[in-house]
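Q: Structure in structure tokens, see below.
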Amino acid sequence: MLPIKTFLTLTFILLSLASTLAQPVTLSDEAEIIVMTMSPGQEELYSAFGHSALRVRDDLNGLDIVFNYGIFDFDQPNFYLNFTKGKLLYKLGTAHYSRFLRYYMSINRTITEQTLNLNPTEKQEIFNFLTENAKPENADYYYNYCYNNCATKIRDVIEQSLDGRITFNYNYSNDSLSYRGLMDKYLHQQPWGDLGIDFCLGSEIDQLADGPAYMYMPEYLEIALDGAKLYTDSSTVPLIKNKKIIHKATDQPNMASPIRPFHIFILLFFLVGIITHRSIKYQVSYRFIDGILFGVTGFLGFTLLLLWFGTDHLSQYNYNLIWCNPLNLLAFILLLRRKKQSWLRYYFNFYGIALIALIAFNAILPQQLHEAFVPLVLGLMIRSFYLGYWLKGEKK
Numbered sequence: 043m044l045p046i047k048t049f050l051t052l053t054f055i056l057l058s059l060a061s062t063l064a065q066p067v068t069l070s071d072e073a074e075i076i077v078m079t080m081s082p083g084q085e086e087l088y089s090a091f092g093h094s095a096l097r098v099r100d101d102l103n104g105l106d107i108v109f110n111y112g113i114f115d116f117d118q119p120n121f122y123l124n125f126t127k128g129k130l131l132y133k134l135g136t137a138h139y140s141r142f143l144r145y146y147m148s149i150n151r152t153i154t155e156q157t158l159n160l161n162p163t164e165k166q167e168i169f170n171f172l173t174e175n176a177k178p179e180n181a182d183y184y185y186n187y188c189y190n191n192c193a194t195k196i197r198d199v200i201e202q203s204l205d206g207r208i209t210f211n212y213n214y215s216n217d218s219l220s221y222r223g224l225m226d227k228y229l230h231q232q233p234w235g236d237l238g239i240d241f242c243l244g245s246e247i248d249q250l251a252d253g254p255a256y257m258y259m260p261e262y263l264e265i266a267l268d269g270a271k272l273y274t275d276s277s278t279v280p281l282i283k284n285k286k287i288i289h290k291a292t293d294q295p296n297m298a299s300p301i302r303p304f305h306i307f308i309l310l311f312f313l314v315g316i317i318t319h320r321s322i323k324y325q326v327s328y329r330f331i332d333g334i335l336f337g338v339t340g341f342l343g344f345t346l347l348l349l350w351f352g353t354d355h356l357s358q359y360n361y362n363l364i365w366c367n368p369l370n371l372l373a374f375i376l377l378l379r380r381k382k383q384s385w386l387r388y389y390f391n392f393y394g395i396a397l398i399a400l401i402a403f404n405a406i407l408p409q410q411l412h413e414a415f416v417p418l419v420l421g422l423m424i425r426s427f428y429l430g431y432w433l434k435g436e437k438k
């Protein structure tokens, strides 16, 4: 769900922390398996949702290492092709705890640790699973924004290693949020990132998230673990033995950009209105505004189609294609020709009607229009009906 620049930035930082894990060892009885949760940050989009990792600590064996599912290697073969196709190849990496901790303290994150209430056999099972999966031949996995990320991986490791003998705390699911709604909770200070996510990701993420689905967010994984129960042969015990805050972040000022997408698009809307008024009054065509509106939205529509049919991630069934119609680009090109196609005015009229329907029924659509796009869609609608009217006059 993240731009390539932020992906690469995070990877560069985390790869510098990664170290080679020693051969698997037999953990002592005093060993601990600890879930680490790093709070969200607002400096960059990639940090807005927080992060999860697993720590294995065994002082008797001199072992204190963090297993981190949030790493990818941009030196991998065909990295950029795989990124474009939505096949984001991530890997399970390792880092010494002290270095990992220093990094997240340096960027002012609250760091919480939850120690799992496990017997030696269960600890060894998780450790063996992690060390086996951290081997180079096993470390890679295909990342998915909602279904296969740093938090869901940890949930699955714990659940699978303990043979499903766990019930998680799902009290938070009373919020009745969709996957997109969960993302929105963390993006108040990232308006442009929020806009990009809402534009690129389709209606699949608008389905309501159930209890387990919430755990794709690190903070909800932490909550689910807090009240989780572990079933043993003779009793039921809390899954979390103890919890502590290792580092508390200091309060930071609001870093949201004062210029928000809505401000830009409302200005564009008024510009379209003024230009269209002048077009009617003075019989002057302003093709540059049509290029901005129809050329750009048509190009973006082709991009959305590529994401839909050419990738494996969550861009299918994207209702933004209603207003970002790829045919807009063709219509604009034909509009520049001296001899206009007879069907062109029907296209613009039909497109304008589709935009009216989009605005009218937006509240009941599976994927709702981002509020910042509303003035843009209204501008497209005004210009579409104007062009339909103008082309009708051209044919006389």
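So the number in the working numbering is just where the residue sits in the sequence shown, counting from 1, plus 42.
Virtual Cβ for every residue (Gly too), placed ideally from N, Cα, C.
Suppose contacts are defined by Cβ-Cβ distances below 7 Å. Is Leu363 in contact with Gly343 by that definition?
A: yes
Q: Which same chain residues end up closer than 6 Å to Leu313 when comparing Cβ atoms and leaving out the 5 residues on each side of it in sequence?
A: none
Q: Hey, would you say Ala266 sits closer than 7 Å to Ser81, going by beta carbons?
A: no
Q: By the DSSP assignment, the beta strand (DSSP E) with Asp100 in it spans what residues?
A: Here the beta strand (DSSP E) through Asp100 covers 93 to 100.
Q: Taking the C-alpha atoms as reference points, what is the distance between His93 and Tyr146?
A: So the alpha carbons of these two residues sit roughly 10 Å apart.
Q: In this structure, how does DSSP classify Lys465 when only helix, strand and coil are distinguished?
A: No answer is possible for residue 465: it lies beyond the span of the chain, which begins at 43 and ends at 438.
Q: Based on the DSSP output, what are the partners of Ile107 in its beta bridges?
A: Val98, His138
Q: To the nearest angstrom, how far is it from the Cα of Asp248 to the Cα of Pro162?
A: Between Asp248 and Pro162, the alpha-carbon positions lie close to 42 Å from each other.
Q: Identify whether Gln156 lies in helix, strand or coil by the three-state DSSP scheme.
A: Judged by DSSP in its simplified three-state form, Gln156 adopts strand.
Q: Out of Ile196, Tyr428, Arg222, Asn110, which has the shortest C-alpha to C-alpha gap to Leu263?
A: Ile196
Q: Under 7 Å, do Phe142 and Leu69 count as touching if we go by C-beta distance?
A: No.
Q: Looking at the secondary structure, which residues open and close the alpha helix (DSSP H) in which Pro233 lies?
A: 233 to 242
Q: Report yes or no: do the region 83 to 92 and the region 176 to 188 share at least 3 C-beta pairs separated by less than 8 Å?
A: no
Q: Could you tell me which residues DSSP puts in a beta bridge with Tyr184?
A: Leu131
Q: Could you tell me which uninterrupted alpha helix (DSSP H) segments, each at least 4 residues in length, are contained entirely in the region 310 to 393, listed from first to last along the chain?
A: The qualifying runs are 329 to 332, 338 to 352, 369 to 378.
Q: Please report how far the alpha carbon of Glu261 lies from the alpha carbon of Leu310, in whole angstroms.
A: The C-alpha of Leu310 is placed about 38 Å away from the C-alpha of Glu261.
Q: Going by DSSP in three states, Met259 sits in which element: helix, strand or coil?
A: Coil.
Q: Using DSSP's beta-bridge definition, name the partner residues of Ile113.
A: Lys133
Q: Under the three-state reduction of DSSP, which class applies to Leu229: helix, strand or coil?
A: Secondary structure of Leu229 (DSSP, three-state): coil.
Q: Within 10 angstroms of the Cβ of Ser156, are there 16 or more other Cβ atoms? Answer buried if so, exposed if not.
A: Residue identity check: residue 156 is Gln in the sequence provided, not Ser. Gln156 comes out buried.
Q: Per the DSSP calculation, Tyr273 is bridged to which residue(s)?
A: Thr278
Q: Quick check on DSSP: helix, strand or coil for Leu172?
A: helix
Q: Considering only residues of the same chain and omitting the five flanking positions on each side of Ala64, which have a CB-CB separation below 6 Å?
A: Because Ala64 sits at a pLDDT of 48, beneath the cut-off of 50, its placement in the model cannot be relied upon, and the following sentence gives the value as read from the coordinates. Within the same chain, Ala64 has no close Cβ partners at all.
Q: Span of the beta strand (DSSP E) holding Val77?
A: 74 to 80
Q: So who's on the other strand from Asn11, going by DSSP bridges?
A: The structure shown does not extend to residue 11, since the chain spans only 43 to 438, so no value can be given for it.
Q: If you count every other CB in all the chains shown that lies within 10 Å of the CB of Gly352, and 16 or more means buried, which is it?
A: exposed
Q: Just to confirm the assignment, what range does the alpha helix (DSSP H) spanning Ala251 have?
A: From DSSP, Ala251 is part of no alpha helix (DSSP H); its letter is neither H nor E.
Q: If we ignore side chains and look at the alpha-carbon of each, how far apart do Thr345 and Gly135 end up?
A: 33 Å
Q: Taking Phe330 as the reference, which of Leu204, Gly104, Ile287, Phe374 has the closest Cα?
A: Phe374
Q: Measuring only the C-alpha atoms, how far is Tyr183 from Asn110?
A: 12 Å
Q: Taking 7 Å as the threshold (C-beta atoms), are Asn159 and Leu281 in contact?
A: The answer is yes: Cβ separation under 7 Å.
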